Amino acid sequence: HFPRDLKWQTNDVTFRILNYTPDLKKSDVDRAIRTALNVWADVTPLKFKKLYEGDADIMISFGTREHGDHNPFDGPDGLLAHAYPPGQGIGGDTHFDEDEHWTRDASTYNLFIVAAHELGHALGMSHSSDPGALMYPVYSYATGYPLSLDDIKGIQALYGPNPNQRKVKPKPDAPSKCDPTLSFDAVTELRGETIIFKDEFYWRLHPQMPEPEQTLIKSTWPSISKKVDAAYENPEKDLVIIFSGIRMWALNGYNLVDGYPKYIHKLGLPKTVRKVDAAVHIKDTGKTLLFTDEEYWSYDEAAGAMDSGCPRSIEEDFPGMDDEVDAAVYHYGYLYFFHDHLQYEYSYTSRKVIRIMRANSILNC
Amino acid sequence: LPLPSEERWLLAEKYLRRFYHLPNGLQGGQTSSGDFQNKLKEMQRFFNLEVTGNLDDNTLALMKEARCGVPDVAEYN
Chain A
1 HFPRDLKWQT NDVTFRILNY TPDLKKSDVD RAIRTALNVW ADVTPLKFKK LYEGDADIMI
61 SFGTREHGDH NPFDGPDGLL AHAYPPGQGI GGDTHFDEDE HWTRDASTYN LFIVAAHELG
121 HALGMSHSSD PGALMYPVYS YATGYPLSLD DIKGIQALYG PNPNQRKVKP KPDAPSKCDP
181 TLSFDAVTEL RGETIIFKDE FYWRLHPQMP EPEQTLIKST WPSISKKVDA AYENPEKDLV
241 IIFSGIRMWA LNGYNLVDGY PKYIHKLGLP KTVRKVDAAV HIKDTGKTLL FTDEEYWSYD
301 EAAGAMDSGC PRSIEEDFPG MDDEVDAAVY HYGYLYFFHD HLQYEYSYTS RKVIRIMRAN
361 SILNC
Chain B
366 LPLPSEERWL LAEKYLRRFY HLPNGLQGGQ TSSGDFQNKL KEMQRFFNLE VTGNLDDNTL
426 ALMKEARCGV PDVAEYN
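Residue numbers (the numbering used here), protein chains in the order written: chain A, 1 to 365; chain B, 366 to 442.
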């Protein structure tokens, strides 16, 4: 919240749209603003009434550079919008930078997402440091329900809950990297970086970046599934394959490759396999290991076929390992297996576990 | 280590002034003043970055991202 917990003193709040962006149809702007207000109205007793003239509590406008509040915008990108906390005069007013290109989709800046964030300010919400929260100050695109538990708790602390609230599933809080019980969904290399998937987020580890960067999967790849089961890099083909359920996607760098998603059964897995738990490519052998429950499959990348004799037992072929794997990655002759909150360093050549560490030691914890 | 270029410093100063109420003036040159470092640490703490008070690549990358114009601390005057 803002200092002094600024809020509207009534639950009936008025708004007015003073002008429209030429980037979108008028009806699209109306819809984006109304939907954004409803996001907050759904979890509070607040009701929003649209005015067409006169002074409304929340005056909404599009402007460029200096636009009348001595708080100028900065041209394309950078600052997208701002809003003032509840109060008289300029309080509650919400301004969008007309130098941005506003859209209904993920192509540039999605008006609904920015409006929902700004209207949060107009109702008394300050910035959240949770990257999964709508009130996080940095723009990211995501589909689905926009509020996290942090947002809902915040707005309800000001206005209380909606007595007629329908069941909503808030966005999960971003996982905390140093949680000692943290486990991972998938780990892969991507052109020298390490990408770690957990719930709807991923961490990006770059050798020259001291701290991992956490982002919503949907922000980077809106069309892939919001949760990832497994991923591996094939550096020879410069591809990263991402598995979710019975589908798989391919990335070239950060770009999705056309022609995907494909069914995982194209790799030669039987139809009874409904998900891949972990995947790893062994550069030295050209084989990709796909782990499912207590077994694994070996896929020959050059032949494009599954090796004979598969599936094989994880426990028998990787002595010292747990019988199931959440994620796996290969570095210089060592396989790093992740299961629950533990990480196993496995020597591929001497066929034994060398070290057991906490899973999140990879995140400098 | 290479010193951050003037452009990086200007961007960081502008960012901290706008979002973390870094006082105007007195920041110039390529040495970081106490105020600058404290505000930078405040920003790094807010974004769960490594709190160093130094203008590292990670911090600068975050400063370049598209964002909301409302300050992360306190309110508008």
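Glycine included, each C-beta is placed from N, C-alpha and C at the ideal position.
Here the structure is a predicted model, which is why all the values come from computation and not from measurement.
Is it the case that the Cβ atoms of ASP6(A) and GLY124(A) are separated by a distance below 7 Å? Reading off the sequence, residue 6(A) comes out as Leu, not Asp. Yes.
Extent of the continuous alpha helix (DSSP H) to which ALA377(B) belongs: From DSSP, the alpha helix (DSSP H) with ALA377(B) extends over 371-385.
Do the segment 30-50 of chain A and the segment 63-83 of chain A meet, that is, are 3 or more Cβ pairs less than 8 Å apart? no
Test: GLU66(A) CB closer than 7 Å to a CB of chain B: GLU66(A) does not count as touching chain B.
Is the beta carbon of ASP130(A) sitting closer than 7 Å to the one on ASP173(A)? Inclusion of ASP130(A) and ASP173(A) in the CB contact set at 7 Å is warranted, their separation being smaller than that value.
Can the beta-carbon of ASN110(A) be found closer than 7 Å to that of TYR145(A)? no
Would you tell me roughly how many angstroms separate the C-alpha atoms of ILE264(A) and LYS275(A), rounded to the nearest one? 8 Å
According to a CB-to-CB cut-off of less than 7 Å, which residues of the segment 127-152 of chain A neighbour chain B? HIS127, SER129, PRO137, VAL138, TYR139
First through last residue of the beta strand (DSSP E) which encompasses ILE241(A): 239-244
Go through its chain and collect everything with a Cβ distance to ASN403(B)'s Cβ below 6 Å, but skip five positions before and after it. none
Within a Cβ cutoff of 6 Å, which residues of the same chain sit near ALA122(A), ignoring the five residues on either side of it in sequence? The beta carbon of ALA122(A) sits closer than 6 Å to those of ILE58, ALA83, GLY92, THR94, all from its chain and outside the five residues before and after it, given in chain order.
In chain order, what residues of the same chain lie with their CB nearer than 7 Å to the CB of ASP322(A), ignoring the 5 residues before and after it? HIS339
Nearest to GLU373(A) by CA position, among VAL114(A), ARG16(A), ASP150(A), GLY309(A), is which residue? Absent from the structure is residue 373(A), since the part of chain A shown begins at 1 and ends at 365.
Indicate the three-state DSSP secondary structure (helix, strand or coil) for TRP40(A) in the structure shown. helix
Straight-line Cα distance separating ALA116(A) from ILE60(A): 12 Å
Quick check on LEU79(A) - is its C-beta less than 7 Å from some C-beta in chain D? This model lacks chain D altogether; the protein chains it does include are A and B.
If you count every other CB in all the chains shown that lies within 10 Å of the CB of LEU375(B), and 16 or more means buried, which is it? Exposed is the call here.
Chain A residues whose Cβ lies nearer than 7 Å to that of ASP422(B): Taking the beta carbon of ASP422(B) as reference, the chain A residues within 7 Å of it are GLN208, MET209, listed in sequence order.
What did DSSP end up calling SER61(A) once you bin it into helix, strand or coil? strand
How many angstroms separate the CA atom of LEU37(A) from the CA atom of PRO222(A)? 23 Å
Is PHE337(A) buried or exposed, if buried means 16 or more other CB atoms sit within 10 Å of its CB? buried
Are the C-beta of HIS101(A) and some C-beta of chain B separated by less than 7 Å? no
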